[in-house]
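**Q**
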Amino acid sequence: MLFKNLFMLLTLVYSCSATAYVCPCDSKYFDGHCYYISPRTAKNWPAARATCRARGGDLAVPTSKINNLHIFQAMKASNVHKAFIGLYKVADGLGTNTFYTVRGVEPTYTNWYPGQPSDSGGNEDCGEMLPAHSTSGGDVGGQWNDLPCNDRFPRHYVCQTSFQFNEN
Ligand SMILES: [Ca+2]
Numbered sequence: 066m067l068f069k070n071l072f073m074l075l076t077l078v079y080s081c082s083a084t085a086y087v088c089p090c091d092s093k094y095f096d097g098h099c100y101y102i103s104p105r106t107a108k109n110w111p112a113a114r115a116t117c118r119a120r121g122g123d124l125a126v127p128t129s130k131i132n133n134l135h136i137f138q139a140m141k142a143s144n145v146h147k148a149f150i151g152l153y154k155v156a157d158g159l160g161t162n163t164f165y166t167v168r169g170v171e172p173t174y175t176n177w178y179p180g181q182p183s184d185s186g187g188n189e190d191c192g193e194m195l196p197a198h199s200t201s202g203g204d205v206g207g208q209w210n211d212l213p214c215n216d217r218f219p220r221h222y223v224c225q226t227s228f229q230f231n232e233n
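The sequence shown begins at 66 in the numbering used here and counts up by one.
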């Protein structure tokens, strides 16, 4: 009986690819998608995005307060406190560049940290999710900041992919 239970436990642990609807084993499922919190930093935002696209998805774009919270909680669970997300500035030729999502539209939900986006130095064209900034003791982390897309600020990153249907 002990061995049978042990076998069942091991099967549960290693069967993440055998269920009908699955995410890659290194991803988490919530809000209808698979989310991957990178264990390592990318040297810059484009490199992070390229990795997400190579995984069949793209950088994650929080779409609601609750989705933003779920992504932030997944980051915290992985001890990741700052991460690139799928927001970047698109030049409009008028000098009033606007943040777009990696899906090519303006975000319908935003959660900028107060005072952000600041465009400090005039080159903060990419987005990240920040750690908790609560001053009242509550956990209200997960607000956004704009930062340079270049190599000055390596970051972890959050990828979002559709879940797969596995016929096994
Ligand atoms: Ca900023």
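Where is the CB? At the ideal position from N, CA and C, for every residue including glycine.
The model shown is predicted, which means the values in this text are computed figures rather than measured ones.
Pull up the CB-CB distance for ILE150 and LEU124, whole angstroms please, since I reckon it's below 8 Å.
**A** Confirmed, about 6 Å.
**Q** Counting pairs of beta carbons, one from the region 90 to 102 and one from the region 163 to 176, are three or more of them closer than 8 Å?
**A** Segments in contact, no.
**Q** Could you check how far apart the C-beta atoms of GLU193 and TRP209 are, in whole angstroms? I think they sit under 8 Å.
**A** With 8 Å as the limit, GLU193 and TRP209 qualify as a contact, their Cβ atoms being about 7 Å apart.
**Q** Using a Cβ-based criterion (distance less than 6 Å to any ligand heavy atom), does ASN188 qualify as near ligand 1?
**A** Every heavy atom of ligand 1 is 6 Å or more from the Cβ of ASN188, so no.
**Q** Checking the sheet assignment: what are the DSSP bridge partners for ASP211?
**A** According to DSSP, ASP211 bridges with GLY192.
**Q** Report the option in TYR222, VAL145, ARG118 and PRO127 whose CA atom is closest to the CA atom of TYR165.
**A** Ranking TYR222, VAL145, ARG118 and PRO127 by Cα distance to TYR165 puts PRO127 first.
**Q** Report yes if the C-beta of GLN138 is less than 6 Å from at least one heavy atom of ligand 1; otherwise report no.
**A** No - ligand 1 has no heavy atom lying nearer than 6 Å to the Cβ of GLN138.
**Q** Are the CB atoms of CYS224 and TRP110 nearer to each other than 7 Å?
**A** Cβ atoms of CYS224 and TRP110: not closer than 7 Å.
**Q** I'd like the span of the beta strand (DSSP E) that includes GLN225, first residue to last.
**A** Residues 221 to 226.
**Q** Please determine whether the Cβ atom of ASN210 lies at a distance below 6 Å from any heavy atom of ligand 1.
**A** Yes, the Cβ of ASN210 comes within 6 Å of a heavy atom of ligand 1.
**Q** Flag this pair as yes or no: are the beta carbons of ALA148 and ARG217 separated by less than 7 Å?
**A** Cβ atoms of ALA148 and ARG217: not closer than 7 Å.
**Q** Quick check on VAL167: buried or exposed, where buried means 16 or more other Cβ atoms within 10 Å of its Cβ?
**A** Buried, by the Cβ-count rule.
**Q** My output table needs one value for THR166: the three-state DSSP class, helix, strand or coil.
**A** In this structure, THR166 counts as strand in the three-state DSSP scheme.
**Q** GLN225: beta carbon under 6 Å from a heavy atom of ligand 1?
**A** GLN225: no, Cβ never under 6 Å from ligand 1.
**Q** Have a look at SER129 and ILE136 and give me their C-alpha separation to the nearest angstrom.
**A** Spanning the two alpha carbons is a distance of roughly 10 Å.
**Q** Return the chain-ordered list of same chain residues with a C-beta closer than 6 Å to the C-beta of HIS146, the five sequence neighbours on each side being excluded.
**A** Cβ neighbours of HIS146 beyond the five flanking positions: PRO196.
**Q** Alpha carbons only, please: which of ALA142, LYS154, ASP96 and TYR100 is nearest the one belonging to SER183?
**A** Taking only the C-alpha atoms, the option nearest SER183 is LYS154.
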